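Trainee: Sharing a structure below in structure tokens format, with a few things to ask.
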Amino acid sequence: MTPAATMDAVDDYLEALLDDTAAVVDAAPREAVEDAGAAPAATPAAVAAQPAPALVGATAPAPKPAIAATATAPVPANATANATATTAPRWVRVTVASDSYALELLCVQEVVRLAPIVAMRGADRAVLGVMNLRGRIVPVFDLGLWLGFGSVQPDERSRIVVVERDDELIGVLVSTVEDVVTLGRERIEPPLPGSDPGAIVGIARVGATPTVLLDANALYG
Numbered sequence: 443m444t445p446a447a448t449m450d451a452v453d454d455y456l457e458a459l460l461d462d463t464a465a466v467v468d469a470a471p472r473e474a475v476e477d478a479g480a481a482p483a484a485t486p487a488a489v490a491a492q493p494a495p496a497l498v499g500a501t502a503p504a505p506k507p508a509i510a511a512t513a514t515a516p517v518p519a520n521a522t523a524n525a526t527a528t529t530a531p532r533w534v535r536v537t538v539a540s541d542s543y544a545l546e547l548l549c550v551q552e553v554v555r556l557a558p559i560v561a562m563r564g565a566d567r568a569v570l571g572v573m574n575l576r577g578r579i580v581p582v583f584d585l586g587l588w589l590g591f592g593s594v595q596p597d598e599r600s601r602i603v604v605v606e607r608d609d610e611l612i613g614v615l616v617s618t619v620e621d622v623v624t625l626g627r628e629r630i631e632p633p634l635p636g637s638d639p640g641a642i643v644g645i646a647r648v649g650a651t652p653t654v655l656l657d658a659n660a661l662y663g
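Residue numbering for the sequence shown is 443 to 663, as defined by the numbering used here.
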């Protein structure tokens, strides 16, 4: 056999071989080829049992906040009375001998024990002199003499009440300092009509003893 004939025989063999392979592939059922690489279809029951896929980016609705009921506390019946009591003026009660007087607390800077008093020439009779209060010269009045009564007899219970007005200080000598009381308007009786009240603001009943309320500013007159 010549080389040319040999090559022709080889070509014929290859063509026949390729034709046989194509026939085998075409003879295979198309359904089988398609199903070879696919997963079996799910049954309706299995599909129903599968959970629904979550939506990407979906946000569950936030629960509505509960509306809290606001309760209004009842106003005590004595609330107005208590508010009035706290705003009522307070008074420092003092005594001259056996008589009771009071000066408004807002005018009182402090209460001190007896201090050395230097007499002043030509001063009023009620002015005992001046004292040194932490470097400040303060005139001192005898409250008994200033009211026109007898003078205060100093002892271990006597005190000097320092009152202030516009940064000016005056000391008042008294027999004792009793306490501080709160007096509403309903507890204060005005001075007698037709009389000259002078420094008297009114009279208040504190216990069984009437207390004469004095205007501390009158000391500067």
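In this text, a Cβ means the ideal position worked out from N, Cα and C, and glycines have one as well.
These numbers come from a predicted model, not from an experiment.
#1: Compute the Euclidean distance between the alpha carbons of D584 and V614, then round it to the nearest angstrom.
#2: The alpha helix (DSSP H) spanning G586 covers which residue range?
#3: Terminal residues of the continuous beta strand (DSSP E) containing N659?
#4: Taking the C-alpha atoms as reference points, what is the distance between R647 and D657?
#5: If the criterion is Cβ atoms closer than 7 Å, does the pair L545 and A568 meet it?
#6: DSSP beta-bridge partners for M573?
#7: Less than 6 Å between C-beta atoms, sequence neighbours within five positions excluded: which residues of the same chain meet that for S651?
#8: Can you check whether the CB of V619 is closer than 7 Å to the CB of V671?
#9: Where does I602 land, buried or exposed, given buried means 16+ other C-beta within 10 angstroms?
#10: Around the C-beta of T624, are 16 or more other C-beta atoms found within 10 angstroms, so that it is buried, or is it exposed?
Mentor: In short:
#1: Cα-Cα distance, rounded: 6 Å.
#2: Where G586 is concerned, the enclosing alpha helix (DSSP H) starts and stops at 585-588.
#3: First-last for N659: undefined, no H or E at that position.
#4: One Cα belongs to R647, the other to D657, and the distance between them is close to 17 Å.
#5: No, Cβ-Cβ distance for L545 and A568 is not below 7 Å.
#6: Bridge partners of M573 according to DSSP: V580.
#7: Going by the sequence as given, residue 651 is Thr instead of Ser. In chain order, S542 place their CB closer than 6 Å to the CB of T651, counting only its own chain and leaving out the 5 sequence neighbours on each side.
#8: No information on residue 671 is available, as it lies outside the stretch 443 to 663 that the chain covers here.
#9: With 16 or more other Cβ atoms from the protein chains shown falling within 10 Å of its own Cβ, I602 counts as buried.
#10: Flag for T624 reads exposed.
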